[in-house]
Amino acid sequence: MEKSKGFTLIVLLIGILIIAVLISLTVSKTNIVSRGDYEPRNVKRKADTTQIRSAIESWKVNGGEIIAPITNTTYDITKDDLENIGSPFNKADNNGKKPSDYLSGSSYPEDPQSDNSNSYYYRITIRINGTYQIKRDDSDPTPSDNVTDKDVPPIEG
Numbered sequence: 000m001e002k003s004k005g006f007t008l009i010v011l012l013i014g015i016l017i018i019a020v021l022i023s024l025t026v027s028k029t030n031i032v033s034r035g036d037y038e039p040r041n042v043k044r045k046a047d048t049t050q051i052r053s054a055i056e057s058w059k060v061n062g063g064e065i066i067a068p069i070t071n072t073t074y075d076i077t078k079d080d081l082e083n084i085g086s087p088f089n090k091a092d093n094n095g096k097k098p099s100d101y102l103s104g105s106s107y108p109e110d111p112q113s114d115n116s117n118s119y120y121y122r123i124t125i126r127i128n129g130t131y132q133i134k135r136d137d138s139d140p141t142p143s144d145n146v147t148d149k150d151v152p153p154i155e156g
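Under numbering that gives the first Met the number 0, think of the first position of the sequence shown as 0, with each following residue one higher.
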């Protein structure tokens, strides 16, 4: 009896399985690499929104009071927008400070997507019950990094 010179079905299946595993690993690595430049931005966004919330909470602990609007109102988080006359953070706390005085820097952070020609800030929505939500400014119709609330969830306060 002559021995056949070919692949058995089992050898073919094992080969196909190995190729499929290698392809799936390559695809998953490619997906991670393609999102890789967004991740540092998202980490910065989370840190920025946490810092802003911490500054607001420190201000509130020291007697600062959010002026609740008649309807839910959204503001850009810049010093001028948040602390101007009529804004919810205009009133100084018992130490004479406003929320920006509790930031590690002297101004509110900008979204890392900002550049010399476009500034993107974080936004804060003040609800009628006096609570607030901080999130990235998603008003840009063509964001270059496609960030969603799933990537950087809003911070509640």
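All C-beta atoms, glycine included, are put in the ideal place defined by N, C-alpha and C. All of these numbers come straight from a predicted model, not from anything done at the bench.
* Nearest neighbour of I66, chosen from R135, G129, K134 and V26 [CA to CA] -> As a working note, residue 66 is residue 67 in the sequence shown. Closest option to I66, judged by alpha-carbon separation, among R135, G129, K134 and V26: G129.
* Asked: Looking only at its own chain, which residues have a Cβ that is under 6 Å from the Cβ of I169, when we skip the five neighbours before and after it?
  -> Within the shown structure, residues of the chain are numbered from 0 to 156, placing residue 169 beyond reach of any answer.
* If you draw a straight line from the alpha carbon of N97 to that of E38, how long is it in whole angstroms? -> Translated into positions along the sequence shown, residue 97 becomes position 98. Translated into positions along the sequence shown, residue 38 becomes position 39. The sequence given here places Lys at residue 97; Asn does not occur at that position. If I take the Cα positions, the gap works out to 31 Å.
* Nonlocal neighbours in the same chain, by C-beta distance under 6 Å from P142, ignoring five residues either side -> Position 143 of the sequence shown, counted from the start, is the residue given in the question as residue 142. Confidence at P142 is low in this model, with a pLDDT of 43, below 50, so the placement of that residue is unreliable and no value is reported for it.
* Option nearest V42 by Cα separation, candidates I55, I69, K4 and D110 -> As a working note, residue 42 is residue 43 in the sequence shown. Checked all of I55, I69, K4 and D110; the closest Cα to V42 is D110.
* **Contacting residues, own chain, Cβ-Cβ under 8 Å from N71 (five flanking each side not counted)** => As a working note, residue 71 is residue 72 in the sequence shown. Cβ-Cβ distances below 8 Å link N71 to T124, I125, R126 and I127 in the same chain, with the five nearest sequence neighbours on each side left out; the list follows chain order.
* **Distance CB(R135)-CB(R44) smaller than 8 Å** => Here residue 135 refers to the residue found at position 136 of the sequence shown. Here residue 44 refers to the residue found at position 45 of the sequence shown. Yes, these two residues count as a Cβ contact at 8 Å.
* **Classification of T25 by the beta-carbon crowding that lies within 10 angstroms, buried from 16 upward** => Here residue 25 is taken as the residue at index 26 of the sequence shown, counted from 1. Exposure of T25 is indicated by the presence of fewer than 16 other C-beta atoms within 10 angstroms of its C-beta.
* To do: Would you grab the beta carbon distance between I92 and G62 for me? Rounded to a whole angstrom, and I think it's under 8 Å.
  => Along the sequence shown, one-based indexing puts residue 92 at 93. Along the sequence shown, one-based indexing puts residue 62 at 63. Rather than Ile, the amino acid found at residue 92 in this sequence is Asp. That pair is a contact at about 4 Å.
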